[in-house]
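Asks:
Protein chains in written order, with the numbering used here: chain E, 11 to 110; chain V, 5 to 515.
In structure tokens:
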């Protein structure tokens, strides 16, 4: 098995763990961490394709895209955390009211 | 693609709103609103100039910084993009004017919300960027810009209900864009390119392509609030401020539909099967019935309007089964393709105008009454005839009665359905219209009923009512240039094209 195939499979597993966590977890923080795990899977998938064709050098484009993707993921997560904190300050809730 | 006429307009359409948004951050409350409004009007003006330029010169491109496509970014404004940008500008300009008077009227009670303006301009830049983008990663960046500014707008009021709805919206949006990005990674891995045009040629059917199609479609369906992923839309759209609800419903959800339409017709031709088209059509039909029924059952005006959005977005998905051709049918003999495309474009426009008008009217009623319980709408016709007129006209367009834009969309959809022989979609379209008539007339009946109890009606600026009425009228006026508009769109490469089903060789597409 080529290394990039192992990475590809690992990324799919991470992605599925993330999705499952997003739906199964109730606590806001767990949901946000789940989206980060999804993101980790996607970025691993991108990076694993950089060296697939046994090229002499690694393809730089996936890395550029992953950096942009990480920036976006970090800002989304920060925004979600800010919303969570505000909700917690106003109501003391840590999960959505109807799925307790 | 690089031999097309070049113009700086596409870059300006993205750059100007970002510049004005940043500029407005340097001002205090009043100044922020003023700079914001000027920015909105300038962007709208620029969009109309760009639209006129495309009608005159055809598809325009802009290569950012002079770096050629494989490395740099190419913005492409073809007739389809021009129509979406023009629609955004028309609806956006009206909503901006409404927002100006809306926040002004509530300034004394702390309801000025100056941050609306920079966020709305960032959102507008994201939308324009989305319509102009020609590669998948750029599209990802624009949907993130749109998603984050849309959620920030949705929670602007700071109320607890809006925060819960906003967080739910944000989590759904992140999941959707991560799924989309996963598909993009797979496509890049199997072809080495992200350019929409090149991908369409280079893509080969296989498990990786089919999986990419699946996750991209699911991701975009979450962001378009398609059935069964619509759960986040009604709370988020109904708990936002009036101008924000109008923006979210009229424009934001259309962006991801536009990507879906482009990717299905331009990129995924090789791995789409007839069954895939039927499946997405089924999601659309379910959304039409379920959304309309839920709208009928609500007791708050804004929730009625928000559930109606779920239903109206369902019609958009129902054009996909018509675009995917059955085995043995060629695009040349499929005479319904043009009808289906016209139905899609008209449904987008009619819904944008009618729904924004409806949400703005709901905002007027909340301003007058302090709440939006449907039971309290009694006597509305004598108190605010202009708003009732706007709701009536917008409602007629949502139901699809002639001569509204909604009628045009549903008529063309039915025409496409019968010409293609896929008659099983027709009952859903008709039932959706019946249920829409139910929820619209339920509101209008109460508006004309005599008052049951004494209520205090606070005064509402006439300008607000006028903007809502003009938007409702616009959902009728778009029918008049229909011939010209369809002719213009037909010069777009993909308009009227279908996706030919792979009978052999694409065996992995049968999910």
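Using N, Cα and C, we set each Cβ at its ideal position, and we do this for glycine too.
1) Got a sec: is the Cβ-Cβ distance from residue 301 of chain V to anything in chain E below 7 Å?
2) Going by C-alpha to C-alpha distance, which of V:450, V:344, V:262 and V:325 sits closest to residue 146 of chain V?
3) Return the CA-CA distance between residue 492 of chain V and residue 182 of chain V, expressed in angstroms with no decimal places.
4) What separation, rounded to the nearest whole angstrom, lies between the Cα atoms of residue 132 of chain V and residue 453 of chain V?
5) In chain order, what residues of the same chain have a beta carbon less than 8 Å from the beta carbon of residue 9 of chain V, not counting five sequence neighbours either side?
6) The region 79 to 99 of chain E: which residues have C-beta closer than 9 Å to a C-beta of chain V, in chain order?
7) Using 8 Å as the Cβ pair cut-off and three pairs as the minimum, do the region 353 to 360 of chain V and the region 83 to 99 of chain V touch?
8) Quick one: is residue 52 of chain E near chain V, going by C-beta distance under 7 Å?
9) For residue 504 of chain V, which residues of its own chain have a beta-carbon under 6 Å away from its beta-carbon, when the five flanking residues on both sides are left out?
10) Please list, in chain order, all residues of the same chain as residue 144 of chain V whose beta carbon is under 7 Å from its beta carbon, the five residues on each side excluded.
11) Is the CB of residue 40 of chain E under 7 Å away from at least one CB in chain V?
12) Return the CA-CA distance between residue 98 of chain V and residue 247 of chain V, expressed in angstroms with no decimal places.
13) Between residue 165 of chain V and residue 100 of chain V, how many whole angstroms is the CB-CB distance? I'm expecting something under 8 Å.
14) Does the Cβ-Cβ distance between residue 326 of chain V and residue 344 of chain V come in under 7 Å?
15) With distance defined between alpha-carbon atoms, name the residue in V:162, V:68, V:102 and V:51 nearest to residue 94 of chain E.
16) Is there a Cβ from chain V that is less than 7 Å from the Cβ of residue 31 of chain E?
17) Check whether the Cβ atoms of residue 309 of chain V and residue 362 of chain V sit closer than 7 Å, and answer yes or no.
18) For residue 175 of chain V, which residues in chain E fall below 8 Å Cβ to Cβ?
19) Closer than 9 Å, Cβ to any Cβ of chain C: which residues of the region 123 to 146 of chain V, in chain order?
20) If you measure between the beta carbons of residue 483 of chain V and residue 412 of chain V, is that distance less than 7 Å?
21) Name the residue from V:298, V:458 and V:268 whose alpha carbon lies nearest to the alpha carbon of residue 284 of chain V.
22) DSSP three-state call for residue 159 of chain V: helix, strand or coil?
23) With respect to the alpha helix (DSSP H) encompassing residue 81 of chain V, which residues constitute its N-terminal and C-terminal limits?
24) Can you tell me whether DSSP reads residue 373 of chain V as helix, strand or coil?
25) Counting along the chain, where does the beta strand (DSSP E) carrying residue 64 of chain V start and finish?
26) My understanding is that residue 209 of chain V touches residue 129 of chain V, with C-beta atoms under 8 Å, so please give their C-beta distance in whole angstroms.
Replies: In short:
1) It does not; no Cβ of chain E falls within 7 Å.
2) Comparing Cα positions, the closest option is V:262.
3) Roughly 35 Å separates the two Cα atoms.
4) Taking the straight line joining both Cα atoms gives about 44 Å.
5) Only 61, 62, 63, 64 and 65 meet the Cβ criterion.
6) Within the region 79 to 99 of chain E, the residues whose Cβ lies closer than 9 Å to some Cβ of chain V are 79, 82, 83, 85, 86, 87, 89, 90, 93, 94, 96 and 97, listed in chain order.
7) The region 353 to 360 of chain V makes contact with the region 83 to 99 of chain V; the number of CB pairs closer than 8 Å reaches 3 or more.
8) It does: the Cβ of residue 52 of chain E has a partner Cβ on chain V nearer than 7 Å.
9) Same-chain partners within the cutoff: 329.
10) Cβ within range, chain order: 181, 184, 185 and 188.
11) Closer than 7 Å: no.
12) Roughly 10 Å separates the two Cα atoms.
13) In this structure residue 165 of chain V is not in contact with residue 100 of chain V, their Cβ atoms being roughly 25 Å apart against a cut-off of 8 Å.
14) Yes, they are a contact pair.
15) Nearest in C-alpha terms to residue 94 of chain E, of all of V:162, V:68, V:102 and V:51, is V:162.
16) Nearest CB-CB separation between residue 31 of chain E and chain V: not below the 7 Å threshold.
17) Contact annotation: residue 309 of chain V and residue 362 of chain V have beta-carbon atoms nearer than 7 Å.
18) For the C-beta of residue 175 of chain V, the chain E residues within less than 8 Å are, from N- to C-terminus, 32, 41, 42, 45 and 90.
19) Note that chain C does not occur in the displayed structure, where the protein chains are E and V.
20) Taking 7 Å as the cut-off, the Cβ atoms of residue 483 of chain V and residue 412 of chain V count as close.
21) From the listed residues V:298, V:458 and V:268, the smallest Cα separation to residue 284 of chain V is found for V:268.
22) The DSSP-derived three-state label of residue 159 of chain V is coil.
23) In the DSSP annotation of this structure, residue 81 of chain V is not part of any alpha helix (DSSP H); the continuous beta strand (DSSP E) holding it starts and ends at 78 to 81.
24) Correct three-state label for residue 373 of chain V: helix.
25) 64 to 67 is the extent of the beta strand (DSSP E) around residue 64 of chain V.
26) That belief does not hold up - the Cβ atoms of residue 209 of chain V and residue 129 of chain V are roughly 37 Å apart, past 8 Å.
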